[in-house]
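Everything below concerns the one structure shown next.
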Amino acid sequence: MKKLLFQFDTDAQPSTFDVVVGYDGGADHVISYAGLTPNSIATLVDGTIFTRAPKDKKNTAIFVGGSDMAAGEALFTAVNQHFFPGFRVSVMLDSNGSNTTAAACVAKLASSGSLAGKKAVILAGTGPVGQRAGAMLALEGAEVTITSRQLWNAEKVCEAMQKRFNVSVHAKAAADMDARAHAIEEANIVVATGATGIELLKPEHWQDNAALELLADANATPPLGIGGIDMMDKGDIRHGKIVWGAIGFGALKLALHRACIAKLFEDNKQVLDAEAIFALAKEMA
Numbered sequence: 005m006k007k008l009l010f011q012f013d014t015d016a017q018p019s020t021f022d023v024v025v026g027y028d029g030g031a032d033h034v035i036s037y038a039g040l041t042p043n044s045i046a047t048l049v050d051g052t053i054f055t056r057a058p059k060d061k062k063n064t065a066i067f068v069g070g071s072d073m074a075a076g077e078a079l080f081t082a083v084n085q086h087f088f089p090g091f092r093v094s095v096m097l098d099s100n101g102s103n104t105t106a107a108a109c110v111a112k113l114a115s116s117g118s119l120a121g122k123k124a125v126i127l128a129g130t131g132p133v134g135q136r137a138g139a140m141l142a143l144e145g146a147e148v149t150i151t152s153r154q155l156w157n158a159e160k161v162c163e164a165m166q167k168r169f170n171v172s173v174h175a176k177a178a179a180d181m182d183a184r185a186h187a188i189e190e191a192n193i194v195v196a197t198g199a200t201g202i203e204l205l206k207p208e209h210w211q212d213n214a215a216l217e218l219l220a221d222a223n224a225t226p227p228l229g230i231g232g233i234d235m236m237d238k239g240d241i242r243h244g245k246i247v248w249g250a251i252g253f254g255a256l257k258l259a260l261h262r263a264c265i266a267k268l269f270e271d272n273k274q275v276l277d278a279e280a281i282f283a284l285a286k287e288m289a
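Letter by letter, the sequence shown follows residues 5 to 289 of the numbering used here.
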């Protein structure tokens, strides 16, 4: 029986990245739908749950993606709420690659030792990857601060993270490089999750910071988010700090994404969101 992965995307165009990884993860066919909302998925979900016998439902799965985390979470919730006993399939949420990217990044940071009690700063952390990385660090016991150019934006995100993950995360305004350098003065961990091609820190802002132990940059497009590191850094030591570049932990991200897709087809009861994906990342790291 063919393994069918239905891609429910909240954007106007489905992610080609997610299609490729869907096939690489073991799906025989990936069927993509774009521009979906909680109000438009009922008949699509019905088609996944009413068509195969109970023993065969493990061969159908749903992947929720798109660039907007809030929209993805709403869609993911609507899909799960449409299931009922005996009629469900496995489902995964990975809007903008947020769960798999953040999980791989934090799992690699955690491979260097306990993160509990460490002060962590997520630079430009209001996007999907930054939010998930912040939540995962907080779940590991780190004291997390999210920065944004606008304080209200960081505060809004921290509020959402507290509600979703029951973690306390701090907000801080950091509109320019000097402000971001000030924000990391006492940090032990810095993770950059800014927009593509925007440098958030220059080398002089972090290289002589004695408190810093771990750095990671999710940007793989030059200029990188943290000047003075390399996208290929794979736990390399730079100026006494352990450094991870986007490609350095990206191998785990892709392996994790593929592993999650494969897991969807193990049975029809998998619900893969941040916590489950992060747990798998730590096993794989």
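Ideal placement from N, C-alpha and C gives every residue a C-beta, glycine not left out.
Note that this is a predicted model, so its numbers are computed, not measured.
Cα atoms of Asn192 and Lys167: separation of roughly 26 Å, rounded to the nearest angstrom. Excluding five sequence positions before and after Ala46, the CB atoms of its chain that fall closer than 7 Å to its own CB belong to His86, given in chain order.
Under the DSSP assignment, Gly69 falls outside any alpha helix (DSSP H), being part of the beta strand (DSSP E) whose first and last residues are 64–69. Here Leu127 is not near Val171, since their CB atoms are 9 Å or more apart. Each residue's CA atom was taken as its position, placing Asp237 and Ala250 some 8 Å apart.
Within its own chain, the residues whose Cβ lies closer than 7 Å to the Cβ of Arg56, once the five positions on either side in sequence are excluded, are Asn63, Thr64, listed in chain order.
Per the C-alpha coordinates, the member of Thr105, Pro58, Val49 positioned closest to Phe253 is Thr105. In the same chain as Lys257, and ignoring 5 residues on each side of it, the C-beta atoms closer than 6 Å to its own belong to Thr104, Thr105, Ala108, in chain order. Residue environment: Asp277 is assigned as buried (16 or more neighbouring CB atoms within 10 Å of its CB, all protein chains considered). Pro42 and Glu208 have their C-alpha atoms roughly 47 Å apart.
The criterion of a C-beta distance shorter than 9 Å is satisfied by Glu217 and Ile246. Taking all protein chains in view, the Cβ of Glu147 is crowded by 16 or more other Cβ atoms within 10 Å, so the residue is classified as buried.
C-alpha of Asp271 to C-alpha of Ser94: approximately 7 Å in a straight line. Within a 10 Å sphere around the beta-carbon of Trp210 sit 16 or more other beta-carbons, which makes this residue buried. Leaving aside the five residues that flank Glu203 on each side, the residues in its chain whose CB is nearer than 6 Å to its CB run, in chain order, Pro227, Gly231.
Every beta strand (DSSP E) of 3 residues or more that sits fully in the segment 25–93 is shown, in chain order, as 33–37, 64–69. In the structure shown, the three-state DSSP call for Gln17 is coil. DSSP lists Tyr37, Val68 as the bridge partner or partners of Phe12.
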